[in-house]
Ligand SMILES: Cc1cc2nc3c(=O)[nH]c(=O)nc-3n(C[C@H](O)[C@H](O)[C@H](O)COP(=O)(O)OP(=O)(O)OC[C@H]3O[C@@H](n4cnc5c(N)ncnc54)[C@H](O)[C@@H]3O)c2cc1C
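Residue numbers (our numbering): 206 to 1019.
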């Protein structure tokens, strides 16, 4: 009759004398409790506590545990427990008696590792090894490898890890390294002494240790059979956690606890032995070399390295270690003779160092995969190619990771130009809003859809190397320094959202509204609030294109907005009851004014508006070839409607000197030459330029020494667009972006980028973000809900935008 693996294990434990060593230790140390330990797929240690008097009975029978424990009792997205579900049978954990150890910090407790089996009662597979027991898997794999090849894999790991807590901070000069400093080790004396003492008590042969970076310590023990090394690595972590508990600090095995610091690797140093001889080296040969068997084994491991990432670097945090290039983490699949920049290094004759695994790995799985890859290389005689020579890190021309803050036209043009001039570059474009395109969406007039169409062109900028990250406000959700720590290059393109004030008495009276706020309201910007009431007498200060937009918006009749995206409610607020008069106060002459002739000429299409000049003489002195004067003449000399709904009067060469009013603006005193006129009004709109908003959280004062016309603020930090200089239309923004991209390329070509980019941004920040697809969902919903005669109806509340952005379409859920 055949017996199962479970039966055989029980028989071994029940054999005469098998329990003696454990029972002696129980007696000698007064052990009262024993942990029956198993190791999960993520290398978490779990198990049961057994009173010492039950040890002999349960050591020969085993303890039962729910099988989903091997997947950390974690549920999938469907809420079903992984690795079997709630109704799955339990497994049986039987101790491997040679792992019995008394805990050095409390002799009343011992621990033993268990092998796991399917339970006896199954109709099929009763008592076979449990497939999800990674520790058992390594044991079986190694045993069959040895049986077939006569070889045994020995390994020694380099368990880097980080200590953190009060009194254990590491201070050192920026741009230097605390590595190997005995001073730092001295401050960590309590830590390393306890760890080494405890580990030695548990049978480790401790050999050396050092301090490597802020909080990072590596303590090594002697290499051994891979199965033992894996057991010890798990035990080592338990020891470190205990020491941390005793000292009131934290012991972390995160692969990358912080950007800019060394990651916690767990290099596996390995060799292959047959009959006590290391087959990777030729006996007696001293120069660095590798035998054929060694070369084939290396070939196998390199061949399987892409797939091996699943277990060598299995967490999101693992990838941060690899992204932080320049910090001794490998970035290419290669090998070399004592070359620290390679994934596999022949560090000395007979010893190969595999740098892929990190501190959080499951050592049973990493060793199992390493062994299987070696086996495959040996079987297939895989050629690893010639060893890599030289510093692979400095040879790789990796493009930098760039953060652009502000997804307005300037930010988008910058991303576009960077990708055009340096295709490998990775760009992340942040914006405080859930949608990109800045003033193209919220400034350019709703009846200028032709200009807004640039959005279509800019939408093509976003792909897998140019990401949009919306709903992140610099200064609130992230600081400039956060971004500079995460990205090689940061470009500020946040525009200017404040309206320049008139700077005259009375300029703070209610009833005065800046053109920025006015146009944001008209464009349904979520932070703009309601459109201020505009009465029948308006004084508009300014003679640029924005002023032209405002004249048009205040003068157009409802049917003239067909094809726009003006919200019907906004239209209602723009209209006045009865005829309206707009006095436009322009400082310069028509020739020197800022408006584009084409914008002025467009006014001539307003059918129910009459245009006049306060002083007809301004055109008499203009050159006939002057395009602005010609455009103005075209507008004011056109035949006026019989009963105008709006009358626009231009006051060129005029400057406002005071806003008059008690509770709100009632009139504006204007000087024209030596004359002063008072223009009655109920609303004043200023269109005289933009500046940083007063409540802007973005503190640029640190960079106030930067030359006003300069796009460079500090190393790796630039600005562009309106933030660079406060005027200009889209063609100028594109030209600035092109020049800036060229400058970034010049400044950063040949530099080795060191920063990981978006992955370094904390999860709680990333959690709130909206990606480009999300922003497109908002766009689609707006187009779908357009009212008759409109091309879209913008969503005005950020919460509603976020809800739309996060609604995943049914067809994409599988
Ligand atoms: C009313 C108006 C009408 C215009 N009409 C035209 C026109 O018809 N044709 C034309 O060519 N040009 C027009 N322009 C000019 C054009 O809009 C600008 O040239 C252009 O928008 C400037 O681009 P920008 O990216 O520098 O700034 P913006 O367009 O303002 O973009 C800045 C972006 O940064 C984001 N942001 C701001 N602060 C933060 C922060 N702290 N964190 C994260 N993100 C932030 C904003 O949300 C915004 O998306 C007009 C401008 C205005 C004001």
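Glycine residues also receive a C-beta, built at the ideal position from the N, C-alpha and C atoms.
Item: Residue 693 versus residue 686: straight-line alpha-carbon distance, rounded; Value: 12 Å
Item: Inter-residue Cα distance where the pair is residue 426 and residue 973; Value: 44 Å
Item: Residue 705, DSSP secondary structure in three states; Value: coil
Item: Residue of 713, 506, 549, 523 minimising C-alpha distance to residue 587; Value: 506
Item: Closest residue to residue 266 among 222, 332, 276 (Cα-Cα distance); Value: 332
Item: 8 Å Cβ cutoff met for residue 961 and residue 525; Value: yes
Item: Residue 825 classed as buried or exposed, judged by whether at least 16 other C-beta atoms fall within 10 angstroms; Value: exposed
Item: DSSP state of residue 773 mapped onto helix, strand, coil; Value: helix
Item: CA nearest to the CA of residue 702, picked from 444, 357, 719; Value: 719
Item: Check: residue 636 C-beta below 7 Å from any heavy atom of ligand 2; Value: No copy of ligand 2 appears in this structure; the ligands present are ligand 1.
Item: Residue 483 - partner residues in DSSP beta bridges; Value: 478
Item: Endpoints, the beta strand (DSSP E) within which residue 695 is located; Value: 694-697
Item: Stretch pair the region 861-877 + the region 833-841: three plus CB contacts closer than 8 Å; Value: no
Item: Buried/exposed call for residue 968, threshold 16 Cβ in 10 Å; Value: exposed
Item: Reduced DSSP category for residue 253 - H, G, I as helix; E, B as strand; rest coil; Value: strand
Item: Run of the beta strand (DSSP E) containing residue 457, from where it starts to where it stops; Value: 455-457
Item: Neighbour-count burial assignment, residue 326, 16 or more Cβ in a 10 Å radius; Value: exposed
Item: Alpha helix (DSSP H) runs contained entirely in the region 808-843, provided each spans 4 or more residues; Value: 822-825, 832-841
Item: Euclidean distance between Cα positions of residue 281 and residue 293; Value: 15 Å
Item: Near ligand 1: residue 808 beta-carbon under 7 Å from a heavy atom; Value: no
Item: Runs of beta strand (DSSP E) lying entirely within the region 356-388, each at least 3 residues, in chain order; Value: 357-369
Item: Residue 891 classed as buried or exposed, judged by whether at least 16 other C-beta atoms fall within 10 angstroms; Value: buried
Item: Element boundaries [beta strand (DSSP E), containing residue 671]; Value: 671-675
Item: The region 670-686 / the region 644-657 touching (three or more Cβ pairs under 8 Å); Value: no
Item: Classification of residue 549 by the beta-carbon crowding that lies within 10 angstroms, buried from 16 upward; Value: buried
Item: Nearest residue (CA-CA) to residue 893, options 593, 723, 923, 995; Value: 723
Item: Spatial distance of residue 356 from residue 484 (CA atoms); Value: 9 Å
Item: Environment of residue 438 [buried if 16+ CB atoms lie within 10 Å]; Value: buried
Item: Spatial distance of residue 216 from residue 562 (CA atoms); Value: 37 Å
Item: Beta-carbon separation (whole angstroms), residue 231 vs residue 298, contact threshold 8 Å; Value: Incorrect: roughly 19 Å between the Cβ atoms, too far for contact.
Item: Among 240, 273, 498, 214, the one whose alpha carbon lies nearest that of residue 305; Value: 240
Item: Element boundaries [beta strand (DSSP E), containing residue 977]; Value: Careful: residue 977 lies outside any beta strand (DSSP E), inside the alpha helix (DSSP H) at 977-989.
Item: For residue 565, the nearest candidate out of 797, 676, 915, 517 (CA to CA); Value: 517
Item: Residue interval of the alpha helix (DSSP H) (run including residue 441); Value: 431-452
Item: Endpoints, beta strand (DSSP E) assigned at residue 662; Value: Residue 662 -> not in any beta strand (DSSP E); alpha helix (DSSP H) instead, spanning 659-664.
Item: Short Cβ contact (8 Å threshold) for residue 673 with residue 976; Value: yes
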